[in-house]
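To convert a position in the sequence shown, counted from 1, into our numbering, add 511.
Read the structure below first, then the notes.
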Amino acid sequence: MAADAFAPARLGSLLLRNRIIKTATYEGMCPGGVPSDQLVEHHRALAAGGVGMTTVAYCAVSADGRTFAEQMFMRPEVVLPLRRLTDAVHREGAAASLQLGHCGWFTKNMALSTRLPRGPSLAFNAYGLSAGKPVALAMSGAEIARVISEFGLAAGLARESGFDAVELHLGHGYLLSQFLCPATNRRKDAYGGSLDGRARLPLEVVRRVREVVGAGFPILCKTNLRDGFRGGLELPDAVGIAQRLEREGADALVLSGGFTSRTPFFLFRGRRPLAEMIEVEKSRLQKLALAWFGRKVIREYPFEEMFFLREAREVRSAVRMPLVLLGGIVSRDNVLRAMAEGFDFVAMGRALIANPDLVRRMQADPSARTRCNHCNVCVAEMDRSGVRCVLDDARRPD
Ligand SMILES: Cc1cc2nc3c(=O)[nH]c(=O)nc-3n(C[C@H](O)[C@H](O)[C@H](O)COP(=O)(O)O)c2cc1C
512 MAADAFAPAR LGSLLLRNRI IKTATYEGMC PGGVPSDQLV EHHRALAAGG VGMTTVAYCA
572 VSADGRTFAE QMFMRPEVVL PLRRLTDAVH REGAAASLQL GHCGWFTKNM ALSTRLPRGP
632 SLAFNAYGLS AGKPVALAMS GAEIARVISE FGLAAGLARE SGFDAVELHL GHGYLLSQFL
692 CPATNRRKDA YGGSLDGRAR LPLEVVRRVR EVVGAGFPIL CKTNLRDGFR GGLELPDAVG
752 IAQRLEREGA DALVLSGGFT SRTPFFLFRG RRPLAEMIEV EKSRLQKLAL AWFGRKVIRE
812 YPFEEMFFLR EAREVRSAVR MPLVLLGGIV SRDNVLRAMA EGFDFVAMGR ALIANPDLVR
872 RMQADPSART RCNHCNVCVA EMDRSGVRCV LDDARRPD
């Protein structure tokens with residue numbers, strides 16, 4: 512029988528008031544890497560809008576794990592501001608999760624303590640060209656051990672900050688995804704090669720985080736169903752990763768896809784906001800590169816409601832653990848269909864950026880749907896002055 516999307520549900524030892532999660536969408540609201548009042552209000556409003564749990568996006572586990580200099584990274588100084596955020600969310604009746612990640616080599620962060628970024632193997636980092644970081648080196652064993660420990664420390668601080676769950680980012684082409692991807696992990700040691708080798712670091716991270724946060728504290732993992740390019744991670748490996756994460760004791764998987772450096776719009780689908788991306792880019796070199804090559808290298812994918820459902824079904828039939836369906840969930844009908852398909856939760860990104868009160872509306876109105884038209888300008892402009900829906904702006908794309 513399908514679960515009731517609007518009734519309370521367990522996630523690990525946590526009881527959520529419903530099965531709808533606001534997924535991580537980078538907020539761009541942490542000037543100097545410190546959570547601002549704007550970030551607190553952003554998540555309070557989502558909680559007031561009815562979600563079961565909201566996810567604070569893309570917090571790096573260390574200074575070197577940041578893609579951008581203005582990104583939050585976990586350290587004792589952010590515990591108090593994050594406490595204000597989790598308190599505000601809890602007062603509205605929702606739970607709060609923190610997405611923890613490491614960018615690997617996908618960075619243009621000038622504050623890296625290492626001279627060049629690190630990833631599983633030697634790599635070209637086009638994104639870091641203008642920041643003087645065009646090449647990434649393979650991580651040593653000691654660097655791998657440090658990252659595992661950083662994930663543990665960051666998860667401990669998340670718990671101290673009042674978060675009810677952590678979400679480990681294993682997707683979208685960041686460090687753990689770079690290790691899982693056969694095209695970017697060409698290591699010959701125990702951390703490369705077969706799926707067991709490529710999955711070793713992510714699994715060791717989950718194990719360390721579990722040791723730190725303890726039994727029952729929910730650990731979600733955001734994983735890719737497909738990277739979206741030839742040679743990247745494909746569905747059979749995604750199923751194998753899900754089975755390994757289930758055995759490792761992860762509490763839920765958030766099923767996504769795409770590789771930010773290669774197939775960024777595989778993640779989102781819909782309009783490719785190239786003009787807006789060029790406009791917001793600060794580096795002149797990167798602006799020119801986007802203008803000259805953007806159309807060729809940044810592929811557009813048509814939007815479809817529930818666009819990961821077909822691949823996600825394969826994972827559903829391979830594991831018993833809770834699964835979160837994500838991608839193009841825009842209406843109450845979509846939510847009910849996800850439940851009928853056997854998913855335990857849904858996660859929504861753009862639909863809730865456009866309508867933070869959508870869950871409350873869905874509860875009252877069977878025909879409720881978001882106003883989001885997947886113009887994706889929110890993606891292009893996310894770190895301009897905080898992520899927002901541009902549909903109220905004068906120059907709105909149709
Ligand atoms: C503005 C914006 C920022 C995003 N930032 C993140 C992020 O920090 N971490 C992440 O895992 N996904 C990020 N995503 C991807 C979303 O979590 C989600 O996977 C994607 O938007 C598809 O879901 P949707 O169709 O419900 O929007 C972002 C999406 C948007 C629109």
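Beta carbons: idealized from backbone N, C-alpha and C, even for Gly.
All values derive from a computational prediction rather than experimental measurement.
Annotation for Phe-814: Arg-780, Gly-781, His-885 place their beta carbon closer than 6 Å to its own, counting only its chain and skipping 5 residues before and after. Rounded to the nearest angstrom, the Cβ distance from Thr-565 to Phe-674 is 10 Å, too far for a contact under 8 Å. Sequence-distant partners of Gly-544 (beyond 5 residues in either direction) whose C-beta falls short of 7 Å from its own C-beta, in its chain, are Glu-581, Gln-582, Met-583, Phe-584. Taking a cut-off of 8 Å for Cβ pairs, the segment 674 to 683 and the segment 765 to 772 touch, as three or more such pairs fall below it. Within the model, the alpha-carbon separation for Arg-831 versus Asp-707 is close to 20 Å. With contacts defined as CB atoms closer than 8 Å, Ala-666 and Val-589 fail to qualify as a contacting pair. The chain-ordered list of residues whose CB is nearer than 6 Å to some heavy atom of ligand 1 reads Thr-534, Ala-535, Thr-536, Tyr-537, Ala-568, Tyr-569, Gln-610, His-680, His-683, Lys-733, Ser-767, Leu-778, Phe-779, Leu-837, Gly-838, Gly-839, Ile-840, Met-859, Gly-860, Arg-861, Ala-862, Cys-889, Val-890, Met-893, Val-898.
When C-beta atoms of the segment 871 to 888 are compared with those of the segment 773 to 793, three or more pairs fall below 8 Å, so the two segments count as touching. Here Val-835 carries a strand assignment [DSSP, helix/strand/coil]. Apart from sequence neighbours up to five positions away, the residues of its chain that approach Val-572 with a beta-carbon distance below 8 Å are Phe-584, Met-585, Leu-611, Gly-612, His-613, Val-658, Glu-661, Phe-662, Leu-664, Ala-665, ordered along the chain. If you ignore the 5 residues before and after Ala-634, its C-beta comes within less than 6 Å of the C-beta of Trp-616, Ala-647, all in its own chain and listed in chain order.
In the displayed model, Gln-754 falls within a helix according to three-state DSSP.
In the structure shown, His-553 falls within a helical segment according to DSSP collapsed to helix, strand and coil.
Taking the Cα positions, Val-600 is about 43 Å away from Gly-704. DSSP links Glu-678 through a beta bridge to Gln-610, Leu-731. Val-562 and Met-850 have their C-alpha atoms spaced approximately 16 Å apart. Under the three-state reduction of DSSP, Gly-805 is assigned to helix.
Per the Cβ contact rule, the segment 785 to 798 is not in contact with the segment 740 to 757 (fewer than 3 Cβ pairs under 8 Å). Per DSSP, Ala-710 is one residue of the alpha helix (DSSP H) stretching across 706 to 724. Annotated three-state conformation of Leu-525 is strand, per DSSP. Along the segment 832 to 894, the alpha helix (DSSP H) occurs as fully enclosed runs of 4 or more residues at 843 to 851, 861 to 865, 869 to 875, 888 to 891, listed in sequence order. Annotation: Tyr-537 to Pro-546 spans about 12 Å, alpha carbon to alpha carbon. In this structure, Cys-883 lies away from Val-835, with their beta-carbon atoms at least 8 Å apart. Between Thr-695 and Gly-652, the C-beta spacing is not below 8 Å. Scanning its chain for C-beta atoms nearer than 6 Å, with the 5 sequence neighbours on each side dropped, one finds around Ala-669 the residues Leu-609, Val-677, in chain order.
A distance below 7 Å between beta-carbons, with the five flanking residues on each side excluded, links Glu-745 to the following residues of its chain, in chain order: Arg-737. Considering only Glu-825, Asn-620, Val-826, Phe-776, the residue with the shortest C-alpha distance to Pro-645 is Asn-620.
Taking a C-beta distance under 8 Å as the contact criterion, Gly-742 and Ser-524 do not qualify as a contact pair. Around the beta carbon of Ser-828, fewer than 16 other beta carbons lie within 10 angstroms, which makes this residue exposed.
Leaving aside the five residues that flank Ala-862 on each side, the residues in its chain whose CB is nearer than 7 Å to its CB run, in chain order, Ile-840, Val-841, Leu-869, Thr-881, Cys-883. According to the DSSP assignment, Val-765 belongs to the beta strand (DSSP E) that extends over 763 to 767.
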